[in-house]
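Asker: Sharing a structure here in structure tokens format.
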Amino acid sequence: MAREMLLEFARNGGRILRGTVRHIREIVEGGIGAFARPIDGELCKPPAAIVVCAGIGARFIGGIEDTTVFPVRNEVVKLRAPWITMGKAAYDQNLDISVFVVPLGDGDVVIGGHATINDWYPKPRPITVKHLLEKAATLCPELLTPPGDERVPDIQSLVVWEGCDIFGNRRDGPRLDVEWHSAPDFKRKIPVVMNYGYGKAELRAFKGIADAAIRLVDAALAQQMEQIETTS
Numbered sequence: 023m024a025r026e027m028l029l030e031f032a033r034n035g036g037r038i039l040r041g042t043v044r045h046i047r048e049i050v051e052g053g054i055g056a057f058a059r060p061i062d063g064e065l066c067k068p069p070a071a072i073v074v075c076a077g078i079g080a081r082f083i084g085g086i087e088d089t090t091v092f093p094v095r096n097e098v099v100k101l102r103a104p105w106i107t108m109g110k111a112a113y114d115q116n117l118d119i120s121v122f123v124v125p126l127g128d129g130d131v132v133i134g135g136h137a138t139i140n141d142w143y144p145k146p147r148p149i150t151v152k153h154l155l156e157k158a159a160t161l162c163p164e165l166l167t168p169p170g171d172e173r174v175p176d177i178q179s180l181v182v183w184e185g186c187d188i189f190g191n192r193r194d195g196p197r198l199d200v201e202w203h204s205a206p207d208f209k210r211k212i213p214v215v216m217n218y219g220y221g222k223a224e225l226r227a228f229k230g231i232a233d234a235a236i237r238l239v240d241a242a243l244a245q246q247m248e249q250i251e252t253t254s
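Heads up, the sequence shown is in my numbering, so the first residue is 23 and it goes up one at a time.
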């Protein structure tokens, strides 16, 4: 899904530039020229608008430094099991997900389980991987029985990738609002849409989150034009 969205973005004329931002003022004053090699003079100008989707990074970027943001860590394992076409999930007594098995549509299956709060460890833990595989085999025994007579001797043999996601959750709930910043020698103020703090929910609600952020950007740019017309 993410790959398809990036391709659509590029087809519509979007550009992807990667860099490190230490402070929001870098972008407010210099646009992407703060971390990318200029192609023309416009690259170094302040942008029309900024949308901050920094996730856990919102805790550390200068000018934001939101200390109410905390990590939610979710470990996942990807298996090669093209015969699995239906997802499954099991919940504990608190109705939190204990383990899930989700086919990705390309022959791979991702499994994961209970998320941990305030856990910063960025790599998979072998003991957690072991427990996830055991739970997945119990929940979805079809993983070990592909079509035909041959049985998978060990679910570990299906593993193609291990990793973990660290999401940025927020103690006071997601942040979706607009700040206005001024840049030197620039007449208009720049809208900065803060859009972070959704935690794992961003995986399910990303389309709605994006639509809401776009509406805020559109409204801010319209307000900006009204201010320009009023003062001109």
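Backbone N, C-alpha and C fix where the C-beta goes; we use that ideal spot for every residue, glycine too.
CB-CB under 8 Å to Q18, same chain, minus the five flanking residues each way: which ones, in chain order?
Answerer: The requested residue 18 does not occur in the structure, where the chain is confined to residues 23 to 254.
Asker: Quick check: the Cα distance between K229 and G219, rounded to an integer number of angstroms?
Answerer: What you label residue 229 is simply residue 207 of the sequence shown in a count that begins at 1. What you label residue 219 is simply residue 197 of the sequence shown in a count that begins at 1. Cα to Cα, K229 sits roughly 15 Å from G219.
Asker: Quick check: what's the CA-CA separation for V73 versus K222?
Answerer: Translated into the one-based positions of the sequence shown, residue 73 becomes position 51. Translated into the one-based positions of the sequence shown, residue 222 becomes position 200. In a straight line, the C-alpha of V73 is about 19 Å away from that of K222.
Asker: Under three-state DSSP, which class holds S204?
Answerer: In the sequence shown, counting from the first residue as 1, residue 204 sits at position 182. The answer is coil: DSSP assigns S204 none of H, G, I, E or B.
Asker: Could you pull out every residue in the same chain whose Cβ sits closer than 8 Å to the Cβ of A9, ignoring the five residues on either side in sequence?
Answerer: Lying outside 23 to 254, the shown extent of the chain, residue 9 is not represented and no answer is given.
Asker: DSSP three-state label for M108, please.
Answerer: Taking the sequence shown and counting its residues from 1, one reaches residue 108 at position 86. In the structure shown, M108 sits in coil (DSSP, three-state: anything other than H, G, I, E or B).
Asker: If you reduce the DSSP assignment to three classes, tell me which class D199 lands in.
Answerer: As a first step, residue 199 is located in the sequence shown; it is residue number 177 there, counting from the start. Strand at D199.
Asker: Under 7 Å Cβ to Cβ from N140, same chain only, skipping five residues before and after it: list those, please.
Answerer: In the sequence shown, counting from the first residue as 1, residue 140 sits at position 118. Taken in chain order, the residues that qualify are F92 and P93.
Asker: Among all the DSSP beta bridges, which residues are the ones paired with T138?
Answerer: If you number the sequence shown from 1, residue 138 lands on position 116. In the DSSP output, where bridge partners are listed per residue, T138 has R95.
Asker: Cutting at 6 Å between CB atoms, please list the residues of its own chain near F122, excluding the five before and the five after it.
Answerer: As a first step, residue 122 is located in the sequence shown; it is residue number 100 there, counting from the start. A111 and G134, listed in sequence order.
Asker: Could you spell out the range, first to last residue, of the beta strand (DSSP E) harbouring D175?
Answerer: Residue 175 sits at position 153 when you count from the first residue of the sequence shown. In the sequence on display, residue 175 carries Pro and not Asp. From DSSP, P175 is part of no beta strand (DSSP E); its letter is neither H nor E.
Asker: Measure the C-alpha to C-alpha separation of G127 and A158 and round it to an integer number of angstroms.
Answerer: Here residue 127 refers to the residue found at position 105 of the sequence shown. Here residue 158 refers to the residue found at position 136 of the sequence shown. Whole-angstrom Cα-Cα distance: 18 Å.
Asker: Nearest to Q115 by alpha carbon, out of V99, N96 and H136?
Answerer: Mapped onto the sequence shown, residue 115 falls at position 93. Nearest option by C-alpha distance: H136.
Asker: Indicate the three-state DSSP secondary structure (helix, strand or coil) for G221 in the structure shown.
Answerer: Working through the sequence shown from its first residue, we reach residue 221 at position 199. Note: G221 maps to helix in three-state DSSP.
Asker: For V151, which beta-bridge partners are listed by DSSP?
Answerer: The residue you call residue 151 lines up with position 129 of the sequence shown. V151 is not bridged to any residue.
Asker: On the criterion of 16 or more Cβ atoms from any shown chain inside 10 Å, does P68 qualify as buried, or is it exposed?
Answerer: Translated into the one-based positions of the sequence shown, residue 68 becomes position 46. So P68 counts as buried.
Asker: Am I right that I106 and L165 are in contact with their C-beta atoms under 8 Å? What's the rounded C-beta distance?
Answerer: By one-based count along the sequence shown, residue 106 stands at place 84. By one-based count along the sequence shown, residue 165 stands at place 143. 6 Å between Cβ atoms; contact.
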